[in-house]
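Protein chains: 2
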Amino acid sequence: MSSVADETRARLLKVAGPLFAQHGFRDTGVKTICDAADCNVAAVNYHFHSKQDFYGAVLAEAHQNAFAMRPMPRASVGTPAAALTAWLWWWMESMLHPGRPEWLQTLMAREMAFPTPALDQMVKRSIRPIYNELTAIVRRLLPRGSRLTVVRDCVHSVIGQVLVYKHAAPVLHRLSAMPTYQRGGLARLVANVVTFSLAGIAAIAAQKPSSRSKKIRR
Amino acid sequence: MSSVADETRARLLKVAGPLFAQHGFRDTGVKTICDAADCNVAAVNYHFHSKQDFYGAVLAEAHQNAFAMRPMPRASVGTPAAALTAWLWWWMESMLHPGRPEWLQTLMAREMAFPTPALDQMVKRSIRPIYNELTAIVRRLLPRGSRLTVVRDCVHSVIGQVLVYKHAAPVLHRLSAMPTYQRGGLARLVANVVTFSLAGIAAIAAQKPSSRSKKIRR
DNA sequence: CAAGAAGTCAAATGGCGATTTGAAATCGGC
DNA sequence: GCCGATTTCAAATCGCCATTTGACTTCTTG
Chain A
1 MSSVADETRA
11 RLLKVAGPLF
21 AQHGFRDTGV
31 KTICDAADCN
41 VAAVNYHFHS
51 KQDFYGAVLA
61 EAHQNAFAMR
71 PMPRASVGTP
81 AAALTAWLWW
91 WMESMLHPGR
101 PEWLQTLMAR
111 EMAFPTPALD
121 QMVKRSIRPI
131 YNELTAIVRR
141 LLPRGSRLTV
151 VRDCVHSVIG
161 QVLVYKHAAP
171 VLHRLSAMPT
181 YQRGGLARLV
191 ANVVTFSLAG
201 IAAIAAQKPS
211 SRSKKIRR
Chain B
1001 MSSVADETRA
1011 RLLKVAGPLF
1021 AQHGFRDTGV
1031 KTICDAADCN
1041 VAAVNYHFHS
1051 KQDFYGAVLA
1061 EAHQNAFAMR
1071 PMPRASVGTP
1081 AAALTAWLWW
1091 WMESMLHPGR
1101 PEWLQTLMAR
1111 EMAFPTPALD
1121 QMVKRSIRPI
1131 YNELTAIVRR
1141 LLPRGSRLTV
1151 VRDCVHSVIG
1161 QVLVYKHAAP
1171 VLHRLSAMPT
1181 YQRGGLARLV
1191 ANVVTFSLAG
1201 IAAIAAQKPS
1211 SRSKKIRR
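What follows is the structure in structure tokens.
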């Protein structure tokens, strides 16, 4: 409980996020982190028990900083369509905005596709609330008695449209297809995803008047 | 050029795919692979130059087996909507079908999110043709003079809806939201993605009569 | 069937990276 | 300004893993 003591502790936490995000947990050496934080290799094992525990602390810290100063909008705002629009603006800006703590979203994306023991905690703390909120919004856009599987399909379709820019980023770069998130770029992208999603959900809703139905092609 | 000689070579190639898919390149030891293939650790360095080259050979092999016996439908079939439907059936069955060489898609997904030096080759050989084909289909669903960025947004929205089931699988499992790909499950999922995508693209098309336009909300 | 080529093997090598250690330095309260 | 506790440091340790080595076995071919 000293003042100067855990100054390096804080320095480690601050410096590690971007590094883990860029190279992943396995490919980021303790040596590298400590060099960046300008301290000895033993520091991470002294202040945190192990590299794995340290990684967990970084994730927790990042979660605090990100979701505290940028709270998720609740579903109760206006019409269902307005709610989805507002929510998508919030989430896509959180996930894709190039500014500030950009690496947190990258870390989450990384953890999603390549789980470490820290994923369970992250799902409970960060991901499940987001998922539940979107599910609630989508449910209001669908007919009353829609099957759970259909609701989920729509939720996943919305999520996928956003996550693709994180999970397939290396490929999109190689295809020269990575959008620029500058001023206009991100806004245009969000608007398109909103339009696309609202129309998509509406089509699913129209297809199932309420009860069960056979597959509809045409 | 012997007969019994490269029998173990073939055995290594056959056995490594699932292992790499399950644990990733870094976390799959040569020891593990050779145990599974029932041969000595030196084999992989004898038949292929290094572990990295061996991995490249596994990817190439997998590509052959997968896309040779399941060719991609060309865009020229019928109406644009029919083309997208046919193409999505092909791609989603290739990506999500639980049967046979399931691990190839998992390997591709892995490579997308966590590139190794083998990604460049994979993009050129496997991914770019797929991407170009879908782009051609989507372009026919949009107005003549649509901007390239808009076409791309739609392509990515379609891709994302499918990839999410690969890239976010660990999370979806923890959310109890992973769909079952049994008999009816996959068909229903594909049908929903088709409906969702066609409506989404139509909405984007309707929104931009052809020239430029300001952001359209609500 | 001989002899060389090709393949297999157990054991060694070498490097990398997380963790530990024990001594030195710094801090906090008195 | 001193003493015990906390924090830092350079060096050692330890385990893991890809790769090499050199002897041994198995093929091929004339």
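Each protein sequence line maps, in turn, to chains A and B. Following the numbering used here, the numbering of the first sequence begins with 1 at its first residue and continues without gaps. Following the numbering used here, the numbering of the second sequence begins with 1001 at its first residue and continues without gaps. We put the beta carbon where it would ideally sit given N, CA and C, even for glycine.
Against chain B, does Ser94(A) count as a neighbour if the rule is that its beta carbon must be under 8 angstroms from one of theirs? No - not a single Cβ of chain B is within 8 angstroms of the one on Ser94(A).
Are the beta-carbon atoms belonging to Pro115(A) and Pro1170(B) less than 8 angstroms from one another? In contact: Pro115(A) and Pro1170(B) (Cβ atoms closer than 8 angstroms).
Contact list for Pro170(A) against chain B, beta-carbon separation under 7 angstroms: Chain B residues near Pro170(A): Met1112, Pro1115 and Leu1119.
Quick check on this structure: which residue in Ser157(A), Ala136(A) and Ser146(A) has the alpha carbon closest to the alpha carbon of Val77(A)? Residue nearest to Val77(A) within the set Ser157(A), Ala136(A) and Ser146(A) is Ala136(A) (criterion: CA-CA distance).
Label Gln1161(B) either buried or exposed according to how many other C-beta atoms from any shown protein chain fall within 10 Å of its C-beta, with 16 as the threshold for buried. Residue environment analysis places Gln1161(B) among the buried positions, since at least 16 neighbouring C-beta atoms fall within 10 angstroms of its C-beta.
First through last residue of the alpha helix (DSSP H) which encompasses Ser1197(B): Ser1197(B) -> alpha helix (DSSP H) spans Arg1183 to Gln1207.
The alpha helix (DSSP H) with Phe54(A) in it runs from where to where? For Phe54(A), the enclosing alpha helix (DSSP H) starts and ends at Lys51 to Ala68.
Starting from the beta carbon of Gln182(A), find every residue of chain B whose beta carbon is closer than 8 angstroms, and list them in chain order. Simply none; closest approach about 12 angstroms.
Output the distance between the C-alpha atoms of Arg1070(B) and Glu1133(B), rounded to the nearest integer angstrom. Each residue's alpha carbon lies about 15 angstroms from the other.
Test item: CB-CB of Ala62(A) and Leu107(A) under 8 angstroms: Cβ atoms of Ala62(A) and Leu107(A): closer than 8 angstroms.
Along chain B, in chain order, which residues have C-beta atoms closer than 9 angstroms to that of Val150(A)? Those within 9 angstroms of Val150(A) in chain B are Arg1188 and Asn1192.
Distance, Pro73(A) Cα to Ser1146(B) Cα: Rounded to the nearest angstrom, the two C-alpha atoms are 33 angstroms apart.
When the Cα atoms are used, what is the spatial distance from Gly17(A) to Arg183(A)? Between the alpha carbons of Gly17(A) and Arg183(A) lies a distance of about 25 angstroms.
State the Cα-Cα distance for the pair Arg1026(B) and Val155(A), rounded to the nearest angstrom. Whole-angstrom Cα-Cα distance: 33 angstroms.
Please tell me whether Phe1196(B) has its Cβ less than 8 angstroms away from any Cβ of chain A. Between Phe1196(B) and chain A, the shortest Cβ-Cβ separation is below 8 angstroms.
Check whether the Cβ atoms of Leu1088(B) and Val1015(B) lie closer than 8 angstroms to each other. No, Cβ-Cβ distance for Leu1088(B) and Val1015(B) is not below 8 angstroms.
Suppose contacts are defined by Cβ-Cβ distances below 8 angstroms. Is Thr8(A) in contact with Ala43(A) by that definition? Their beta carbons are under 8 angstroms apart, which means Thr8(A) touches Ala43(A) by this criterion.
If we count the other Cβ atoms within 10 Å of its Cβ and call it buried at 16 or more, is Tyr1046(B) buried or exposed? Flag for Tyr1046(B) reads exposed.
So what does DSSP say about Val138(A), is it helix, strand or coil? In the structure shown, Val138(A) adopts helical secondary structure according to DSSP, grouped into three states.
For the alpha helix (DSSP H) that contains Val155(A), what are its first and last residues? Element bounds for Val155(A): Leu148 to His167.
Assuming contact is defined by CB atoms lying nearer than 8 angstroms, are His1167(B) and Ala1109(B) in contact in what I supplied? Yes, these two residues count as a Cβ contact at 8 angstroms.
Is the shortest distance between the beta-carbon of Pro1179(B) and the beta-carbons of chain A less than 8 angstroms? Yes, Pro1179(B) lies at the interface with chain A (some Cβ there is under 8 angstroms from its Cβ).
Go ahead and label Arg1144(B) buried or exposed: buried means 16 or more other beta carbons lie within 10 angstroms of its beta carbon, across all protein chains shown. When all chains shown are included, Arg1144(B) counts as exposed.
Where does Phe114(A) sit, in a helix, a strand or coil, going by DSSP? If DSSP states are grouped into helix, strand and coil, Phe114(A) belongs with coil.
For a cutoff of 8 angstroms on Cβ pairs, would you count His97(A) as touching chain B? Not one chain B Cβ lies under 8 angstroms of His97(A).
Which residues mark the beginning and the end of the alpha helix (DSSP H) in which Cys1034(B) is found? Where Cys1034(B) is concerned, the enclosing alpha helix (DSSP H) stretches over Val1030 to Ala1037.
Using 8 angstroms as the limit for Cβ to Cβ distance, is Ile137(A) near chain B? No - not a single Cβ of chain B is within 8 angstroms of the one on Ile137(A).
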